[in-house]
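Here the structure is laid out as structure tokens; the discussion comes afterwards.
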Amino acid sequence: MFPLSDHRERQSLPRVANWAVIGIFLLLMFSFFAQARAFLMPVTLAILLFFVFSPFRRFMERLHIAPVISATIVSLGLVVLVSVIGFIVSGPINRLIDNSSLIEYRLEQRFDDIRSNFKGLERAAAKIDELTGGGGGTLPEGQSTPAAPTPNDDPTSNVTGTVTGTVTSVPTPGAPQPPDQHIQVEVNSAPQSSALTGAMELGPAFIGQIIFTLFMLFFLISSGDLLYLKIVQSFDRMSEKRAAYLALREIEQRLGDYLGAITLINACLGIAIGLAMWAWDMPSPMLFGVSAFLLNYIPYLGPVTGVIIASLVGIFVFDDFFTPLMVGVTYLTITSIEGQLITPYFVSRKLQLNTVVVFLTVALWAWLWSVLGMIVAVPLLVVMRVLADHIPGLEKFGNFLAGEDPPQLEAEDEEPPPSPSSGAFVSKG
Numbered sequence: 004m005f006p007l008s009d010h011r012e013r014q015s016l017p018r019v020a021n022w023a024v025i026g027i028f029l030l031l032m033f034s035f036f037a038q039a040r041a042f043l044m045p046v047t048l049a050i051l052l053f054f055v056f057s058p059f060r061r062f063m064e065r066l067h068i069a070p071v072i073s074a075t076i077v078s079l080g081l082v083v084l085v086s087v088i089g090f091i092v093s094g095p096i097n098r099l100i101d102n103s104s105l106i107e108y109r110l111e112q113r114f115d116d117i118r119s120n121f122k123g124l125e126r127a128a129a130k131i132d133e134l135t136g137g138g139g140g141t142l143p144e145g146q147s148t149p150a151a152p153t154p155n156d157d158p159t160s161n162v163t164g165t166v167t168g169t170v171t172s173v174p175t176p177g178a179p180q181p182p183d184q185h186i187q188v189e190v191n192s193a194p195q196s197s198a199l200t201g202a203m204e205l206g207p208a209f210i211g212q213i214i215f216t217l218f219m220l221f222f223l224i225s226s227g228d229l230l231y232l233k234i235v236q237s238f239d240r241m242s243e244k245r246a247a248y249l250a251l252r253e254i255e256q257r258l259g260d261y262l263g264a265i266t267l268i269n270a271c272l273g274i275a276i277g278l279a280m281w282a283w284d285m286p287s288p289m290l291f292g293v294s295a296f297l298l299n300y301i302p303y304l305g306p307v308t309g310v311i312i313a314s315l316v317g318i319f320v321f322d323d324f325f326t327p328l329m330v331g332v333t334y335l336t337i338t339s340i341e342g343q344l345i346t347p348y349f350v351s352r353k354l355q356l357n358t359v360v361v362f363l364t365v366a367l368w369a370w371l372w373s374v375l376g377m378i379v380a381v382p383l384l385v386v387m388r389v390l391a392d393h394i395p396g397l398e399k400f401g402n403f404l405a406g407e408d409p410p411q412l413e414a415e416d417e418e419p420p421p422s423p424s425s426g427a428f429v430s431k432g
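The sequence shown begins at 4 in the working numbering and counts up by one.
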């Protein structure tokens, strides 16, 4: 007979092995998502859009319109929408490109003004360094410590071309004249990468992913309920088939409600931000409005990014520091009202999610899929919550993802105190 301790060790070993397998599976899954993101990103976006536009396709079918026509309308509508947004922002972006030299000069001038305000701190740091024995002496007032030379400071570091010359030997008396020597020197420097170059390199890949997403969305919508039918047919029992179909319809409804409400709210937010930037005489207020509309699809990080961008632009546009501060406060106030009052009021409680889980999920998908990952993070959470509500055994996980207040914990019924006649008490004397 085995001791009790050996029996407990035998029971704990399978649990440890199971957790190890789950950990290895999660590592492999995240690695797969990161490596195959060029393929998975458009596929995921197309599937999410398929659930969103399925009610429209079903409505068109009730009007005796074929799914192929509905798919064409949706695909062309998305192309027109993207084109309209591009046309709206093209004007301000072209003006920025045309005035790039003036903007660069203004930025350098503003940076020098900001740096001059910190001259006192530089002199104080140099004095502290001298007193602590770290400096080799003081510099004249108004002169800063020269920076260490870098390869980019060399004027010949970016020279590319060919230099050709001829070397003529000096004749020696009594010796034959040597022939002239031709020397050709080629100077090639490594091309310097820039943000614009990187954006131009990523442009074709981004356009290719958009085209792939539109084509896959077209085939999904034109197939009608074929995807639903195949998923339902993969189950054996009729109860499981019914539960799978109800889960798919609920995913369709919740994604449509969420994205519809968020899109309407973001459009109103973009208009409000654009008008506010116009009131503060900010450059290209329409561009700020469109960027606010797009950035607000990213929870938490999007509004913060908008506030930072508006404040930085205000710093380099206005001569004082009070106006940029008020520009940032205005942007923050509008987004706070939207995030704390308007969105919770118009978004159903069934769609509200745990804020901590949302933040961690957005950060995770940003690490995996960059900007698009941050956009699809919340819709994927909505899908996971619906699945957790319909899959047995995942109810606790669904409750963890939920954003509503948890139910009050009920105190366990206390056992009534034993009566003296029951023998629980022993009388004294």
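All C-beta atoms in this analysis are idealised placements derived from N, C-alpha and C, irrespective of residue type, glycine included. As the structure is a computational prediction, the values presented were derived from the model and not from experiment.
Other residues of its chain near residue i: CB distance less than 6 Å, five sequence neighbours each side excluded
i           : result
residue 333 : 279
residue 21  : none
residue 23  : none
residue 244 : 235 and 238
residue 287 : 95
residue 106 : none
residue 341 : 272
residue 314 : 327 and 331
residue 335 : 310
Run of the alpha helix (DSSP H) containing residue i, from where it starts to where it stops
i           : result
residue 236 : 229 to 236
residue 388 : 358 to 393
residue 131 : 122 to 134
residue 290 : 288 to 298
residue 397 : Neither: residue 397 is in no alpha helix (DSSP H) and is coded neither H nor E.
Cβ-based neighbour list, residue i, same chain, cut-off 7 Å, excluding 5 preceding and 5 following
i           : result
residue 304 : 365 and 377
residue 275 : 337
residue 369 : 376 and 377
residue 51  : 258, 379 and 382
residue 229 : none
residue 270 : 296
residue 250 : 389, 390 and 393
residue 299 : 269, 272, 305 and 306
residue 124 : none
residue 242 : none
residue 277 : 288, 289, 291 and 292
C-beta atoms of residue i and residue j nearer than 9 Å
i           : j           : result
residue 247 : residue 393 : yes
residue 374 : residue 92  : no
residue 390 : residue 254 : yes
residue 382 : residue 262 : yes
residue 317 : residue 306 : no
residue 60  : residue 45  : no
residue 56  : residue 220 : yes
residue 213 : residue 77  : no
residue 215 : residue 49  : yes
residue 234 : residue 350 : no
residue 371 : residue 33  : yes
residue 291 : residue 309 : yes
residue 367 : residue 385 : no
residue 330 : residue 283 : yes
residue 211 : residue 64  : no
residue 395 : residue 256 : no
residue 433 : residue 53  : As shown, the chain starts at 4 and ends at 432. That puts residue 433 outside it, with no answer to give.
residue 217 : residue 82  : yes
Contacts around residue i, its chain only, beta-carbon distance under 8 Å, and the 5 residues preceding and following it disregarded
i           : result
residue 324 : 318
residue 405 : 355, 356, 357 and 388
residue 398 : 391 and 392
(request) Please list the segments of the alpha helix (DSSP H) lying wholly inside the stretch 56 to 120, counting only runs of 4 or more residues, in order along the chain. (result) 70 to 101 and 103 to 119
(request) Scan the stretch 303 to 360 and note each continuous alpha helix (DSSP H) run of 4 residues or more that stays entirely inside, going in chain order. (result) 304 to 320, 325 to 340 and 346 to 349
(request) With a floor of 4 residues, list each alpha helix (DSSP H) that falls wholly inside the stretch 235 to 285, ordered by position along the chain. (result) 241 to 282
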